[in-house]
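> Numbering (this note's numbering), first residue to last: 6 to 210. Before anything else, here's the structure in question.
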């Protein structure tokens, strides 16, 4: 959803353009629906076709979340800022992992539990959010794969470095980072505690 904070958001006749001069999200379409109003920004791409339904009370301001909801089975399990949409999209792609049940490879492969996947994607969303809020940096999205023995692999790679994080069903996660010659970093970490300084490569990624 798009957040519109101006208290000078004026309403006019239904199905007409309305403007809020001091707000960056100034041009919207307003449509009457029952006793509510739908405000929709003139979208510049399919991803921006975001709609908010609010009360028809003329004194009520638009209040729209700046976060994307991380959902599974219709339930919200976490949030991530909209500016990190590429990470959100990779998280969505990773849901294939939950389709891998016991013996998924016909060779005794261990199945993947919802809880370990949830732990992994919450770690990714919170870490990327922490870096964004602390350093003003939007990191690139990692690849999220099924790892060994029911664990989740999270992998960042570019021409300067690679970083592999593994989040197991139980216990500490592991990481290994390499910038192809000068520095290497590896160790254990608690995926429930978000500490971006453990992964300095990401801050420059």
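Where a beta carbon is used, it is the ideal one built from N, C-alpha and C, also for glycine. Quick caveat, the model's predicted, so the values are computed rather than measured.
Across which residues does DSSP place residue 3 in a beta bridge pair?
A query on residue 3 cannot be resolved here, the shown segment of the chain reaching from 6 to 210 and no further.
> Is it true that the region 147-161 meets the region 119-127, where meeting means three or more beta-carbon pairs spaced less than 8 Å apart?
Yes, they touch.
> Taking C-beta to C-beta, are residue 130 and residue 83 nearer than 8 Å?
A contact, by the Cβ cut-off of 8 Å.
> DSSP on residue 202, reduced to helix/strand/coil?
helix
> Considering only C-alpha positions, which residue in the set 173, 182, 199 is nearest to residue 116?
173
> Please specify which runs of the alpha helix (DSSP H), each continuous and at least 4 residues long, are wholly inside the region 78-140, giving them in chain order.
Taking only runs of at least 4 residues, the alpha helix (DSSP H) segments lying wholly in the region 78-140 are 90-98, 119-140.
> CB-CB under 8 Å to residue 207, same chain, minus the five flanking residues each way: which ones, in chain order?
132, 136, 144, 161, 168, 201
> Which residues does DSSP pair with residue 193 in a beta bridge?
179
> Taking buried to mean at least 16 other C-beta atoms within 10 Å of its own C-beta, is residue 181 buried or exposed?
When all chains shown are included, residue 181 counts as exposed.
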